[in-house]
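These notes are about the structure you will find just below.
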Amino acid sequence: MTSPLDLDERSSKPEDGPVLGKQTDAAASGPSRLVSALLRVGLLPVLLIAGVVIFASIEPRFLTPLNGTNIGRQLSFLLIITMAQMLVLVIAEIDMSVGSTIALTSVVSSTVMVKTGGDGAKPVLFGVLAGLAVGLAIGLINGVIVARFRVPSFIVTIGSGAVAFGLALILSSGSPITGLPKTFTTALGNSSIGTVPLSLVIALVVFGLLYLLLNWTTAGRYFYAVGGGENAARLVGVPVFRSKVLAFVLCSTLTSLAGILLTARVSSGEPNLGGQYVILSIAAAVLGGTSFFGGEGRLSMVAIGALFLVVLSNGMNLIRVSSYTQQVVLGVLLVSAVVIDRLRRRTTR
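For the sequence shown, the residue numbers in the numbering used here are -5 to 343.
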């Protein structure tokens, strides 16, 4: 795959002809080079800064410490799920079951905690482990079906998501599960380290671990190789089956972690929790430069994509933009991100 650096080096090489012709060509190519650079780097950081400035100028509460804590807490949930979604997008797949995974995780972990009883560490530990096991199982099923039978992940994960959501409704009878241990809701749902929510600290730890995985391990390099071309990767000895299964398992397990944190935040097991995170995680990842076509994606940009969506949602809520209008904005952003992704791929070939 050609890197942006290679492209810049080639485009900067002198061409034959008179000096005046070179200057004219350089001047003419200036705008196109600028467009190419913007497509590679992206406008997201600029849009993020612009959004902060606009919302801060309209609504004074936007830059208050309390609102900063709220943004940090909301970011923690979306960041974990978006990083999880990125792992699957990098291998040229997609996970449409993240919302249902959150719902089933919430119901199962809450049920285990309530059934275990008490307010100590034991029910919390059992509940958390049960919730993570849900994600691991869903990811394993998704990964094996996609990798072994080569069924499109879009179809597989929609189906597994429907099953997970149905199980969540059956186990909860369609109602919230209350009576969770205060140890759980206080520690994971409301506690902070200074002014930084504990959930955000957990998200940053996950970020660090995934950064090491993707940049310093063979497994991480395999993810990008599979996404860049499955057949070519197989020919050079990349374990495609194992890489795909691992990506789906990590995706669903991390999604379950976010589901546990969300459950602690709302203080109940919710069968309807997490539905909006399907489109949010995809939008944040693609806005952050992760390609729908696989083989490309940076955690740092994905984090900026998640932060941008959280800031946008928070700001629109503060200035009282209706939820319907917010859905329109999100849809436009997602479509725009896909178009930009397509254009970016053309400029880097």
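Note that beta-carbon positions come from the ideal geometry of N, C-alpha and C, so glycine has one too.
Taking the straight line between their C-alpha atoms, what separation do you get for residue i and residue j?
i	j	result
V272	S91	7 angstroms
R338	G231	29 angstroms
A156	I139	16 angstroms
S186	N64	11 angstroms
P233	Y216	8 angstroms
N308	A78	22 angstroms
K16	L37	Only weak support is given to the placement of K16: the predicted model assigns it a pLDDT of 40, under 50, and the value that follows is read from those uncertain coordinates. Going from the Cα of K16 to the Cα of L37 covers about 29 angstroms.
G223	P175	48 angstroms
V106	G121	5 angstroms
F235	L163	32 angstroms
A227	F287	15 angstroms
L256	L229	42 angstroms
G183	Q270	19 angstroms
C245	I313	34 angstroms
G173	S166	13 angstroms
A131	S285	26 angstroms
L194	G62	12 angstroms
I48	L60	19 angstroms
L274	G214	24 angstroms
G111	L123	15 angstroms
A331	K109	45 angstroms
V150	T58	44 angstroms
E53	L240	44 angstroms
I85	G283	14 angstroms
P146	G221	14 angstroms
F302	G125	29 angstroms
Q321	A219	35 angstroms
D335	L306	21 angstroms
I340	E290	Note that residue 340 is Arg in the sequence shown, not Ile. R340 and E290: Cα-Cα distance of roughly 14 angstroms.
V323	I276	15 angstroms
I360	T180	Look at the range of the chain in this structure, -5 to 343, and you will see that residue 360 is not part of it.
I152	F159	10 angstroms
D2	A127	The predicted model places D2 with a pLDDT of 38, which falls under 50 and marks its position as unreliable; any figure quoted below should be read in that light. Cα-Cα distance, rounded: 47 angstroms.
T211	A300	25 angstroms
L207	V315	39 angstroms
T189	N225	49 angstroms
E87	S250	19 angstroms
A141	T319	39 angstroms
From which residue to which residue does the alpha helix (DSSP H) around residue i run?
i	result
P117	A115 to F143
F217	T212 to G222
V296	L293 to L312
L37	Premise fails: L37 is in no alpha helix (DSSP H) and is neither H nor E.
V234	V234 to V260
A86	From DSSP, A86 is part of no alpha helix (DSSP H); its letter is neither H nor E.
V150	S147 to S166
I96	V92 to T110
I273	Y271 to L281
Return the Cβ separation of residue i and residue j in integer angstroms, given the expectation that the two are a contact with Cβ distance under 8 angstroms.
i	j	result
I74	A252	4 angstroms
F178	V118	5 angstroms
P39	G168	In fact, because the Cβ distance is near 43 angstroms, the residues do not count as touching under 8 angstroms.
T95	G129	6 angstroms
L42	I298	6 angstroms
L328	V280	7 angstroms
I171	G263	3 angstroms
L204	L293	6 angstroms
V243	G133	4 angstroms
L69	V304	5 angstroms
S103	I254	6 angstroms
L248	L161	Going by Cβ atoms, the distance from L248 to L161 rounds to 20 angstroms, so no, they are not a contact pair.
Label residue i either buried or exposed according to how many other C-beta atoms from any shown protein chain fall within 10 Å of its C-beta, with 16 as the threshold for buried.
i	result
K238	buried
R67	buried
S317	exposed
D113	exposed
F143	exposed
A22	Note on A22: pLDDT 45, under 50, position unreliable in the model; no value is reported.
N311	exposed
P191	buried
A344	With the chain covering -5 to 343 only, the question about residue 344 has no answer from this structure.
N209	exposed
N136	buried
F148	exposed
D19	Any reading at D19 needs caution, since the residue's pLDDT is 48, under 50, leaving its predicted position unreliable; the model's value is listed next. Classification of D19: exposed, given that the 10 Å Cβ count is below 16.
L379	As displayed, the chain neither begins before -5 nor continues past 343, which places residue 379 out of reach and without an answer.
V333	exposed
S51	exposed
G325	exposed
L83	buried
G93	buried
Should residue i be listed as close to the ligand SAH, given that the test is whether its C-beta is under 7 angstroms from any heavy atom?
i	result
V82	Among the components modelled here there is no ligand, and therefore nothing to report on the ligand SAH.
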